[in-house]
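Residue numbers (our numbering): 156 to 445. Glycine included, C-beta positions come from ideal geometry on N, C-alpha and C.
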């Protein structure tokens with residue numbers, strides 16, 4: 156009979172110590188996990204944490220000890236494995252021009268909505284005699300938002316012109332939630348939380364990683380390393396740049412210290428993202444001239 160010494164909950168996970176071995180029990184949220192694991196095995200991908208057992212309601216894993224890797228070191232290991240994963244699952248599929256046009260028009264509507272939202276917010280604030288701190292911070296820096304929106308439109312148009320001249324696009328098996336919290340640095344590295352794995356664009360996983368872990372790692376060096384391992388095609392890179400430069404819709408109310416801190420981080424990411432794209436484009440131009 157199993158000897159359970161420890162039994163703790165963390166969110167929807169159960170942590171057990173059974174006969175001296177630590178295990179984690181997760182609720183089974185995805186009912187095609189077997190197909191996901193088979194796809195990875197068929198493509199000789201070993202960089203995922205294999206479960207000890209899968210039943211109708213639960214997935215059971217051995218718990219691995221936390222490594223001493225810092226976030227930048229863990230990011231490099233994640234990117235190495237992501238590139239390997241993508242290289243092994245890349246295929247070329249015919250381009251669907253109707254779908255591309257649909258994506259383009261959806262993003263045009265998104266940009267128009269954001270322009271209107273931020274303009275209306277600016278007009279409303281500028282009618283006030285006295286501004287709240289978050290309103291003042293918004294007005295002082297709103298030009299960064301408009302610059303980002305204009306640049307996003309430029310990149311989107313450039314992407315659309317480029318991709319409509321191609322006949323095939325790359326497709327890879329995407330993790331779906333690629334970020335530091337879903338990767339273990341043990342051994343050569345293991346991806347976890349594969350419930351959202353699917354076939355999709357090579358851009359998807361690094362885009363998710365960029366948005367989730369922007370503040371934790373040096374994105375410029377990490378992206379440079381990634382592009383050595385799995386270079387984006389030009390249309391993929393343009394879509395990635397568009398996706399990271401477009402500013403999200405942010406609410407500046409209620410005005411508070413926390414809200415002002417959030418706004419400072421929001422503007423900081425806009426500035427750093429613009430710098431990130433400029434530095435990558437300069438590096439590309441430098442290589443082309445040499």
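Query: Are the beta-carbon atoms belonging to residue 241 and residue 357 less than 8 Å from one another?; Result: yes
Query: Are the CB atoms of residue 365 and residue 399 within a distance shorter than 8 Å?; Result: yes
Query: Just curious, the beta strand (DSSP E) that residue 288 is in, first and last residue?; Result: First-last for residue 288: 288-318, but that is the alpha helix (DSSP H), not the beta strand (DSSP E).
Query: Compare the C-alpha of residue 177 against each of 211, 202, 169 and name the closest.; Result: 169
Query: What's the gap between the Cα of residue 407 and the Cα of residue 421?; Result: 11 Å
Query: The alpha helix (DSSP H) spanning residue 232 covers which residue range?; Result: 226-244
Query: Distance check for residue 395 and residue 310, CA to CA, integer angstroms please.; Result: 9 Å
Query: Got a sec? Which residues, its chain only, sit under 7 Å from residue 339 by beta carbon, not counting five neighbours each side?; Result: 204, 219, 345, 347
Query: Beta-carbon separation of residue 334 and residue 367 under 8 Å?; Result: yes
Query: According to the Cβ coordinates, are residue 324 and residue 250 closer than 8 Å?; Result: yes
Query: Hey, residue 300 and residue 281: beta-carbon distance below 8 Å or not?; Result: no
Query: When DSSP builds the beta bridges, which residues end up paired with residue 171?; Result: 162, 178
Query: From the DSSP secondary-structure annotation, give me the bridge partner or partners of residue 331.; Result: BP columns for residue 331 are empty, so no partner.
Query: For the beta strand (DSSP E) holding residue 215, just list the boundary residues, first then last.; Result: 213-217
Query: Using a Cβ-Cβ cut-off of 6 Å (strictly less than) and excluding sequence neighbours within five positions of residue 384, which residues of its own chain qualify?; Result: 238
Query: Using the rule of at least 16 other Cβ atoms within 10 Å of the residue's Cβ for burial, across every protein chain shown, is residue 182 buried or exposed?; Result: exposed
Query: Which residue's Cα is closest to the Cα of residue 214: 370, 188, 227, 226?; Result: 188
Query: Can you tell me whether DSSP reads residue 387 as helix, strand or coil?; Result: coil
Query: Which term fits residue 252, buried or exposed, when burial requires 16 or more other beta carbons within 10 angstroms of its beta carbon?; Result: exposed
Query: Checking 8 Å against the spacing of the C-beta atoms, do residue 198 and residue 245 come in under that value?; Result: no
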